[in-house]
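A.B. asks:
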Amino acid sequence: MADKSSIDWLALVLVIVGGLNWGLVGLFGFDLVAAIFGDMSILSRIVYSLVGLAAVYMIYFATKK
Numbered sequence: 001m002a003d004k005s006s007i008d009w010l011a012l013v014l015v016i017v018g019g020l021n022w023g024l025v026g027l028f029g030f031d032l033v034a035a036i037f038g039d040m041s042i043l044s045r046i047v048y049s050l051v052g053l054a055a056v057y058m059i060y061f062a063t064k065k
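Pasting the structure below:
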């Protein structure tokens, strides 16, 4: 676990944040990102984009040796 780079940790945190946000949406219909940054504001779109990129990176991370 200690051999993870800063990018690995950032991607992991973003994926966790995204997963928790989707959990809130699914269970309670509450979008935390939209509540904080505004519904589809430029900031919320940036957060959503970063979470998506982090998920793609985590696919790479999970499959590398």
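With the first letter of the sequence shown counted as 1, position 64 gets the number 64 in my numbering; the numbers rise by one all the way through. C-beta: ideal position from N, C-alpha, C; glycine also. Predicted model only: the values in this text are computed from it and were never measured.
Using the Cβ count rule (16 or more neighbours within 10 Å means buried), how would you classify Val-13?
C.D. replies: Your numbering for residue 13 matches position 13 in the sequence shown. Val-13 comes out exposed.
A.B. asks: Per the contact definition of three or more C-beta pairs closer than 8 Å, is the stretch 8–28 in contact with the stretch 46–64?
C.D. replies: yes
A.B. asks: Rounded to the nearest angstrom, what separates Ile-46 and Met-40 at their Cα positions?
C.D. replies: Sequence index remark: in the sequence shown, residue 46 carries index 46 (1-based). Sequence index remark: in the sequence shown, residue 40 carries index 40 (1-based). The alpha-carbon atoms of Ile-46 and Met-40 are separated by roughly 9 Å.
A.B. asks: Taking Gly-23 as part of the alpha helix (DSSP H), name the residues at either end of that continuous run.
C.D. replies: Reading the sequence shown from its first residue, position 23 is the one you call residue 23. 6–28 is the extent of the alpha helix (DSSP H) around Gly-23.
A.B. asks: Below 8 Å between beta carbons: does that hold for Ser-44 and Val-33?
C.D. replies: Taking the sequence shown and counting its residues from 1, one reaches residue 44 at position 44. Taking the sequence shown and counting its residues from 1, one reaches residue 33 at position 33. Yes, these two residues count as a Cβ contact at 8 Å.
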